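Report on the following structure.
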Amino acid sequence: MIPRLYETYISDFNTEGLGSFRDLLSVSITRNRNEITTLAMTYPINGPLSQELTEGMVIVADMGPADDEKNQQFRIVDVQKSMTAITLTANHVWADLSNIPLKKNISEAHARSNRAFDLISDALAWPVSGLGFASDIPTVANLGWNFKELANANAAILGADTAGDQANNTMEALYNGEFRFNNYYLTMLKHAGQDNGIVIKYGRNMQSITRDETTSGTYNAIMPYVTYSPEEQPQPDGEPFDGKATVQYLANGTISLFSSPFKGHTPINTIKNGEYLKFVAKTDKQTINNDTWYKTDIGGWVEASLVTFDKSGNYVVNKVDAQGTLEVSDDITGIIVKNDGVGTISYAGPGQVPLYTSPFGGHKSGKYLNNGTSYRIYWKAKDINGTIWYNLGNRDTQWVSSQYFVLSKTGDYATVKAYGRLSINGNVTVMSGPGGTGSAVNWHNRGQYPIYDISTDYGGAKWYHIGQSGGRELWVKAGDNVSFKEPGTVEYKEEDAEKANIQKTAQVPVYSDPSGLSPTGKYYALGSLLKITAQSTSQGKSFYEVGTNEWINSDFFSFAHAVDVAPGEDNSSAKPEVNEETLELDGTVLISQFARVTNAPLRVQAVDLSSYGIGNDKDKLLAVAEAYMKEYRIGYPTISLTVSYEQMQGDFQKLTQVDLYDYVSVLFDEVGIFEKAQCTSLTWDPVREIATSITIGQLPISYDHALNNFVTNMVAKNTTTATKRATHLFGELKQVMEENDQDQKAGLLKLTRQLGIDDQAWRDSYDRLQSMVTSINTTVQDVHNWIAGGGGGEITAYPNWQKPTELRALSNGGGYLRFNAEGLEYVGRDGVARSAIDSQGRLVAESITGGTITGVKLEGITVDGDSYLRSIGGDGKVAVMSGDHGFSYTAPGKEKVAFDWDQNWGVLKIGSQYLYASDIAWIRQQRGGRIH
327 MIPRLYETYI SDFNTEGLGS FRDLLSVSIT RNRNEITTLA MTYPINGPLS QELTEGMVIV
387 ADMGPADDEK NQQFRIVDVQ KSMTAITLTA NHVWADLSNI PLKKNISEAH ARSNRAFDLI
447 SDALAWPVSG LGFASDIPTV ANLGWNFKEL ANANAAILGA DTAGDQANNT MEALYNGEFR
507 FNNYYLTMLK HAGQDNGIVI KYGRNMQSIT RDETTSGTYN AIMPYVTYSP EEQPQPDGEP
567 FDGKATVQYL ANGTISLFSS PFKGHTPINT IKNGEYLKFV AKTDKQTINN DTWYKTDIGG
627 WVEASLVTFD KSGNYVVNKV DAQGTLEVSD DITGIIVKND GVGTISYAGP GQVPLYTSPF
687 GGHKSGKYLN NGTSYRIYWK AKDINGTIWY NLGNRDTQWV SSQYFVLSKT GDYATVKAYG
747 RLSINGNVTV MSGPGGTGSA VNWHNRGQYP IYDISTDYGG AKWYHIGQSG GRELWVKAGD
807 NVSFKEPGTV EYKEEDAEKA NIQKTAQVPV YSDPSGLSPT GKYYALGSLL KITAQSTSQG
867 KSFYEVGTNE WINSDFFSFA HAVDVAPGED NSSAKPEVNE ETLELDGTVL ISQFARVTNA
927 PLRVQAVDLS SYGIGNDKDK LLAVAEAYMK EYRIGYPTIS LTVSYEQMQG DFQKLTQVDL
987 YDYVSVLFDE VGIFEKAQCT SLTWDPVREI ATSITIGQLP ISYDHALNNF VTNMVAKNTT
1047 TATKRATHLF GELKQVMEEN DQDQKAGLLK LTRQLGIDDQ AWRDSYDRLQ SMVTSINTTV
1107 QDVHNWIAGG GGGEITAYPN WQKPTELRAL SNGGGYLRFN AEGLEYVGRD GVARSAIDSQ
1167 GRLVAESITG GTITGVKLEG ITVDGDSYLR SIGGDGKVAV MSGDHGFSYT APGKEKVAFD
1227 WDQNWGVLKI GSQYLYASDI AWIRQQRGGR IH
């Protein structure tokens, strides 16, 4: 078929268009696996069509022998002219989607490929007529595309999977399909080609064929290693910390400040309950009670459980090392946006209206405005109370509240950017300024016009900015002769314009401290990438430090971009330097099995696997290294064979029947591997209707992303370990009871809060609490020692263990499960039992949860019941204690209420008598302090 030229995309191929390229000099069409096809042509400079050739025109040509490969349209993207010829480059029209972005995000779970394509089509910023899709792939996938991060629609469709931790986020990678392009109709198939039964002996009689060596040019071995830091040691001076807190202690009214947070410290000062403390350092490394300790600005250390940061005026500043990008939603609360317009001061009372330095907690600037005066508007903002503020020029001194500033006087208006297209169907009056301002002129030019801005005048009428004419701005009022009903018009949507204005012009305020109450007058534009050096949370609000005395609300930061680094734990530069250590395999190098078969010289790649949480675990290093070799196919033979049409003779004669995506078989003599391969590239001559060359390559790789398993497991392990450390009750009890005086009390306070026990309850019963904890700690240690002592009993294991006396199962958290003839226990990483059952019938555990607990005796400090506590006697008598109703005693056949709360909790009922507080006091006195 001789290619033909058309002005634009067509659906009727029975026409010749502008003519055929009958005298073309050369033409070739290159098709690559899952890539958009391209056409290259040279044409005489004086050919009949030479004057017609421009970018954007369409060439129709066949790109293969199949029916769906004929009459394919290629859009010219480049025209180069020389003295004798014109060189054309054209892309298949499917590339048009590379020029169309998505207009909204896409998110859906368990979607098939047809549904994914429908969602992409619906999200196109500009519709494409005749767009179609079909697939035979039953796979479902979870979709998540952010339109801001995709350059165009094809970025969500095309893109092969690659080696690494996770799959690429494209339809091609998610559904593992092969594409066939038929103009604007795309087919994604599980197998887009066929098997022709051709066998190629790779490496024999191929001197004239262009090929890559099967095992050369790639690594066939790796040297895996990790670097890690040994466990951090205590820091005598702590790390820098900026914060302010209040002493909150329920004991005798004072607390001690200590010389250090470590064992052996001594008290050096006392602080009264309720006093403020300024902190300059902190540490949680190997401290008493494993708690955080703070160093005060007057010297001395205090434990975290004895102070609070929750009261007004308190704050905590944590050093971090991060960077984020400023982003906002569609709400203007807390930010400023461009707002062009004119408003009028409107104040009911006497005097003048003050101007403020900021809409966000600013103060009066000392300047005032007269009632009824009109001013130009430059910026708009909304504070946390929902009040709108307008800026009249100087952003440091000229902010006025909308309570005293209106847009209802003749000549007032507000203008925002807008996007649309309107039709003028008759004579209209055009103004030179927004909101009906400026001079008027009658406009007789009917037609369609783009909308650049929209202005709302004092009466609420809309005015559209449609451009310029003769140096004059053109503003037309919404009315009968202005319409959005004609084909080609795009109606303006005020909500969309507001959102667009926010994303384009919004700026974020900066505060001098993390309270968010002291604006500096400085602002940062959206999209700014800012270095974050500290974070602070005060009364539910978080702020990030981006410079000296510069704080920004954390709500305006995004950490979703590739260059962003989210804040983690404290990353102060004051941490002591720790020498890194390196871990390698015993054999240093891990060699591919294919390299061993071929005896090829080793090409070793050094691979740093430190990011997989391996630490000092050599077995885990080996497992991750093996997964790396599998994921990146280290040493695996590759296939690359290019054959021209002239070379398709003899053994390669059958290659003339091969089309793109078709399969052939390849025999690797040197490693004894027989594999399927695929035609991955084909160059087609549409005039001669032959493939001038084909390339045979390896089948697409289905990456299993084995390394992702280690990433997932590492996160799960770290989360589990952190949780176990925080709730390891028996281990913490043991540590607390080894302390003295205030340290022991602070440790018990920390534990009771973790267990949800009311502070007042433990204070009233501290001696009993201390005694109970001592008893629990002694029992746990006794059970642990009993089991650890082992015994002579033999543990029988089937089918082939030889008389073991103990079994141990290591856990990810560093502890282990021990089983022998004396019991079963789980031992934490600190060597303290967390749960155990011994041969004497004793059971200890940090927490027991169940439907029913049955026993003869229950002891404890607090017993909580959501409804009531009930005691049943042997003769059927029942005593009940209820927080809602009081105390009652019931005998068989009758009921007698002993104590009954009335509705105002001021009176007790005993039988038929009512007693007041004075009566109860008298009873206590007469009965020696006891109520009978």
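In the numbering used here, the protein residues as written are 327 to 1258. Even for Gly, the Cβ is constructed at its ideal location relative to N, Cα and C. Only a predicted model underlies this, so the values are computations on that prediction, with no experimental measurement involved.
Taking C-beta atoms under 8 Å as the contact rule, Leu986 and Leu1008 qualify, at a distance of about 5 Å. The region 447 to 500 is shown to contain whole beta strand (DSSP E) runs of 3 or more residues at 458 to 461, 466 to 471, in chain order. Runs of the alpha helix (DSSP H) spanning 4 or more residues and lying entirely within the region 764 to 831 occur at 820 to 831, in chain order.
The count of Cβ pairs closer than 8 Å, one atom from the region 838 to 845 and one from the region 875 to 888, reaches three, so the stretches are in contact.
Boundaries cannot be given for Ala674, as no beta strand (DSSP E) includes it and DSSP labels it neither H nor E.
When the beta-carbon positions are compared, Asp738 and Thr670 come within less than 8 Å of each other. Shown here, Lys589 sits in coil according to DSSP, grouped into three states, outside any helix or strand.
Per DSSP, the beta bridge partners of Ile581 are Ile597. Ala392 carries a coil assignment under DSSP once its states are collapsed to helix, strand and coil. A distance below 6 Å between beta-carbons, with the five flanking residues on each side excluded, links Gly470 to the following residues of its chain, in chain order: Ser433. In the three-state scheme derived from DSSP, where H, G and I count as helix and E and B as strand, Asp610 is classed as coil.
Two segments are said to touch when three or more pairs of C-beta atoms, one from each, lie closer than 8 Å; by this definition the region 394 to 409 touches the region 495 to 511. Residue state for Ala953 is assigned as helix, using DSSP reduced to three classes. For Gly660, the closest alpha carbon among the candidates Leu718, Ile828, Phe507 is that of Ile828.
Taking 8 Å as the cut-off, the beta carbon of Thr815 is found no closer than this to the beta carbon of Ser862. The bridge partners DSSP lists for Arg330 are Ser346, Val386. Residue burial is scored here from C-beta neighbours: Leu855 has fewer than 16 other C-beta atoms within 10 angstroms and is therefore classed as exposed. If you ignore the 5 residues before and after Ala387, its C-beta comes within less than 6 Å of the C-beta of Pro329, Pro1012, all in its own chain and listed in chain order. Between Asp783 and Gly761 a beta carbon distance of about 4 Å is seen, short of the 8 Å cut, so the two are scored as contacting. Contact between Ile703 and Ala648 fails: their C-beta atoms lie close to 36 Å from each other, not under 8 Å. Ile548 has its alpha-carbon roughly 34 Å from the corresponding atom of Asn468. Excluding its 5 nearest sequence neighbours in each direction, Gly941 has C-beta neighbours in its own chain below 6 Å: Tyr554, listed in chain order. In this chain, Asp623 is not harboured by any alpha helix (DSSP H), its DSSP state being neither H nor E. Per DSSP, Ala1072 is not a residue of any beta strand (DSSP E); the alpha helix (DSSP H) it occupies stretches across 1067 to 1080. Taking one beta carbon from each stretch, the region 398 to 408 and the region 446 to 462 have fewer than 3 pairs nearer than 8 Å; the two do not touch. The beta carbon of Lys708 lies closer than 6 Å to those of Ile658, Thr659, Ile714 in the same chain, with the five residues before and after it left out.
With a 10 Å radius around the Cβ and a threshold of 16 neighbouring Cβ atoms, Gly1057 comes out buried. Contact between Ala411 and Leu351 holds, since their C-beta atoms are separated by about 6 Å, short of 8 Å.
Per DSSP, the continuous alpha helix (DSSP H) segment holding Glu1058 begins and ends at 1055 to 1063. Between the beta-carbon of Val969 and that of Ser1019 there is about 7 Å, and that keeps the pair under the 8 Å contact cut. Spanning the alpha carbons of Arg1160 and Glu1132 requires a straight line of approximately 18 Å.
According to DSSP, Phe885 shares a beta bridge with no other residue.
Taking the CA atoms as reference points, Ile792 sits about 34 Å from Trp420. Shortest Cα-Cα distance from Asn478 to any of Gly523, Glu504, Lys430 involves Lys430. Counting along the chain, His418 sits inside the beta strand (DSSP E) bounded by residues 411 to 418. Runs of the alpha helix (DSSP H) spanning 4 or more residues and lying entirely within the region 672 to 730 do not occur at all.
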